[in-house]
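Per the numbering used here, residue 15 is the first one in the sequence shown, and the count goes up by one each step. We put the beta carbon where it would ideally sit given N, CA and C, even for glycine.
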Amino acid sequence: MSTEETSSDWAEARDEVLLAVNLTPTSPSSSTASDNLKAHDDAHSILRGKCPVCLKPLVDGVLVDACLHEFCRSCIVQWAEHLRDRQAPVRCPICRAPFGKLFANVVSADDYDVVNLDETEPSPHALARRRRALVYRRYPMTIRDVRERIWPAIYKSNDQAQPWLARELEVILGDDSDIALLQHIVLSSLDEIRTEHTSKKRKHRIHGYLRLLDTLKEFIGADAPTFVVELATFMASRLNLSAYDRPTF
15 MSTEETSSDW AEARDEVLLA VNLTPTSPSS STASDNLKAH DDAHSILRGK CPVCLKPLVD
75 GVLVDACLHE FCRSCIVQWA EHLRDRQAPV RCPICRAPFG KLFANVVSAD DYDVVNLDET
135 EPSPHALARR RRALVYRRYP MTIRDVRERI WPAIYKSNDQ AQPWLARELE VILGDDSDIA
195 LLQHIVLSSL DEIRTEHTSK KRKHRIHGYL RLLDTLKEFI GADAPTFVVE LATFMASRLN
255 LSAYDRPTF
């Protein structure tokens, strides 16, 4: 999923949220956060619904301390940062209750972690990793999707590809995984694709991205189609990694 497509999803979700804000009265609870959590737990199934921001099933779900509305952690953190960047009060997108803390890793009404947004601002790198993880969770591609694509030209060098490549493979396989072999496979494939792009014989061969897909299926399984599409999109972009990752509201 490209940055442009992700930004479009965010814009649509933002419009939905702003409509909800205009229609929903402000009613911050006067009880303690712990009492709120227990009462909410008795009446509802916590963290099993959809995120009101991205409108997708919750991923790394958290509760806003002031009102117990549920969001994907990445979504509500980005929402809070979006408001802070504009010197606006940080309020719940649903009920407009001001908040500064999240309940994370909720196991029960008495077992959860408290995240203070003022003290634990995630780094841009951490936020980018969370967003990338959501791509593989929410926008999975199939082999059929990939085989029907028209592949774009490559505008980036292998050196420019390596930071993106390392991050994506770690998101898919985990931070402790040995990704050296896969990096070599992908970078070699990119070299072949560049060569074939200028070759008259390229129309008579399976495209290099499709050959890469067949190879990667053995290593990353169902994530291979999405990875190859994301790789092709990034390599065709003229943006550097930080600009490519930057969300647009």
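Where residue i sits in the DSSP three-state scheme
i           : result
residue 170 : coil
residue 102 : coil
residue 44  : Its pLDDT being 41, under 50, residue 44 is placed unreliably by the model, and nothing is read from it.
residue 202 : helix
residue 227 : helix
residue 213 : coil
residue 80  : coil
residue 160 : helix
residue 122 : strand
residue 95  : helix
residue 86  : strand
residue 235 : helix
residue 75  : strand
residue 264 : An answer regarding residue 264 cannot be provided, because it is not within the stretch 15 to 263 covered by the chain.
residue 112 : strand
residue 35  : With a pLDDT of only 37 at residue 35, under the threshold of 50, the placement of this residue in the model should not be trusted, and no figure is reported.
residue 128 : strand
Beta-carbon proximity of residue i to residue j, cut-off 8 Å
i           : j           : result
residue 126 : residue 117 : yes
residue 187 : residue 200 : no
residue 111 : residue 80  : yes
residue 104 : residue 115 : no
residue 151 : residue 73  : yes
residue 3   : residue 224 : Any property of residue 3 remains undetermined from this structure, which presents the chain solely from 15 to 263.
From the options, residue whose alpha carbon lies closest to that of residue i
i           : options               : result
residue 93  : 239, 123 and 106      : 106
residue 168 : 153, 234, 64 and 211  : 211
residue 204 : 184, 242 and 192      : 242
residue 227 : 155, 257, 120 and 258 : 155
residue 248 : 95, 181 and 144       : 181
residue 142 : 129, 177 and 173      : 177
residue 157 : 238, 120, 251 and 195 : 238
residue 209 : 130, 198 and 222      : 222
residue 132 : 98, 86 and 108        : 98
residue 174 : 145, 255, 195 and 75  : 255
residue 230 : 75, 76 and 198        : 198
residue 251 : 183, 171, 225 and 124 : 171
residue 122 : 224, 77, 71 and 259   : 77
residue 164 : 96, 246, 144 and 236  : 246
residue 130 : 159, 91, 224 and 259  : 91
residue 83  : 236, 62, 95 and 96    : 62
residue 119 : 75, 189, 70 and 193   : 75
Inter-residue CB distance, residue i and residue j (contact presumed, cutoff 8 Å)
i           : j           : result
residue 88  : residue 148 : 6 Å
residue 86  : residue 65  : 4 Å
residue 183 : residue 196 : 6 Å
Test: residue i CB closer than 8 Å to a CB of chain D
i           : result
residue 154 : In summary, chain D is missing from the structure at hand, where a single protein chain is found.
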